[in-house]
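Colleague: Sending over a structure as structure tokens; questions will come in a sec.
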Amino acid sequence: MSDVDSRRPRRMHADEPDLDEPLVRRLVARRFPHWAGLPVRRLASSGTENAMFRLGPDLVVRLPRRPGAVPDVTHEQRWLPLLGPLLPVPVPEPVGVGEPDAGFPWPWSVYRWLAGRNPAAGAVEDPAGLAGDLGAFVGALRRVPVRDAPAGYRAGPLRERDAETRAAVAELGTRVDAGAVLARWRQALDAPEHTGPPVWAHADLTPGNVLVDGGRLAAVIDFGTAGAGDPAVDLIVAWNLLPAAARGVFRAAVGAGDAEWARGRGWALSIALVALPYYWDTNPALAENSRHVIAEIVAG
């Protein structure tokens, strides 16, 4: 996971409580006294829904940033132990669930530490290798039986995002080329919808949720949005991380046809457009990645 950041991060949401190391020490001491003596350090992260704190050398504490992220705690506790053994790279392993306490109003989780670092779009060390690894991960996740699987956070038809996508373009004003992005958006909406059965999808494959080591995929984290739906949503990583020259490798690995590829490009564009005005000032890394996605899609 990412390196330690000693700076106090910016508050991203109006309903976000103060989260700091003393709070985590109190929570851990009261819920898991056998870990009370372990050092606690906040981790640098562009995550919008959860804050992470390293706990000793082998653990990480993950706390929801706002009420909307609270259901992710039980979601991951239930599904990660089932998904993990079926995937080709490590994913978070829950080892404890905390309860509201010590001034923190929601449940929280403790996971095993996963080594690696977040890659940066435009600075991928082994583009083809990483593209193949990501394709293998997506393919393996799609093969997991969907029996009893919840609907994914981004599981519905792309057209359901039309209003919020256009509203984001209007809010951005001259900060984006509205004509160009809306033309690309219309192309995505014109693509045939997914008519096959729903499949498992991570639904948030972004640089912040990917860990690499030596340029290759080392782990995938944050399964709060995972569930069954249109497989195209997991193609977003082709634009938010992979360079154009490696996208074909990824596409071949997942076997995406023209319609699925067009929907995936639409998902990537819509997510970037909606995120950009909201996080323009409060999450510089996410805002920069959103600008990167928009530029990549408009260019090609």
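In case it helps, the working numbering puts the sequence shown at residues 1 to 300. Glycine is no exception: its CB is placed at the ideal position from the N, C-alpha and C atoms.
1. Is the region 105-122 touching the region 65-75, taking contact as three or more C-beta pairs under 8 angstroms?
2. Between the C-alpha atoms of A188 and W261, what's the straight-line distance to the nearest angstrom?
3. Could you check which residue in A275, A151, P231 and E125 has the C-alpha nearest to that of G214?
4. Do you know how far the Cα of N240 is from the Cα of P94?
5. On a CA-only basis, which of V60, R247 and D281 is nearest E296? Give me that one, please.
6. Which class does S109 belong to by DSSP, given the choice of helix, strand or coil?
7. R25 lies in the alpha helix (DSSP H); which residues open and close that run?
8. Would you kindly work out how many angstroms separate the C-alpha atoms of V89 and N209, rounded to a whole number?
9. Give the straight-line distance between the Cα atoms of A178 and W280, rounded to the nearest whole angstrom.
10. Helix, strand or coil for P301? Go by DSSP, reduced to three states.
11. Within 10 Å of its beta-carbon, does T174 have 16 or more other beta-carbons around it, so buried, or fewer, so exposed?
12. Specify the secondary structure class of L130 as computed by DSSP and reduced to three states.
13. Kindly indicate the opening and closing residues of the beta strand (DSSP E) around R65.
14. Taking the C-alpha atoms as reference points, what is the distance between P231 and H34?
15. Within the continuous alpha helix (DSSP H) that includes F250, where are the two ends?
16. One question on the structure: do F53 and G96 come within less than 7 angstroms of each other, judged by their Cβ atoms?
17. Across the region 263-275 and the region 136-146, are there enough close Cβ pairs to call them in contact, namely three or more that are closer than 8 angstroms?
18. For the region 119-133 against the region 155-167, are there 3 or more C-beta pairs whose distance is under 8 angstroms?
19. Where does R216 fall in DSSP's three states?
20. Please check the pair R26 and A102, which I expect to be a contact at CB under 8 angstroms, by giving their CB distance rounded to whole angstroms.
21. By a C-beta neighbour count over all protein chains shown, 10 Å radius and 16 as the cutoff for buried, is L86 buried or exposed?
22. Between the beta-carbon of G139 and the beta-carbon of V254, is there less than 7 angstroms?
Modeller: Looking at the atomic coordinates:
1. yes
2. 9 angstroms
3. E125
4. 27 angstroms
5. R247
6. strand
7. E21 to R31 is the span of the alpha helix (DSSP H), which, as asked, contains R25.
8. 13 angstroms
9. Straight-line measurement puts the Cα of W280 at about 17 angstroms from the Cα of A178.
10. This structure does not reach residue 301, given that the chain is present from 1 up to 300, and the question cannot be answered.
11. exposed
12. helix
13. In the DSSP assignment, R65 falls outside any beta strand (DSSP E) and carries neither an H nor an E.
14. 42 angstroms
15. A244 to V254
16. No; because the gap between Cβ atoms is not below 7 angstroms, this pair is not in contact.
17. no
18. no
19. strand
20. 4 angstroms
21. exposed
22. yes
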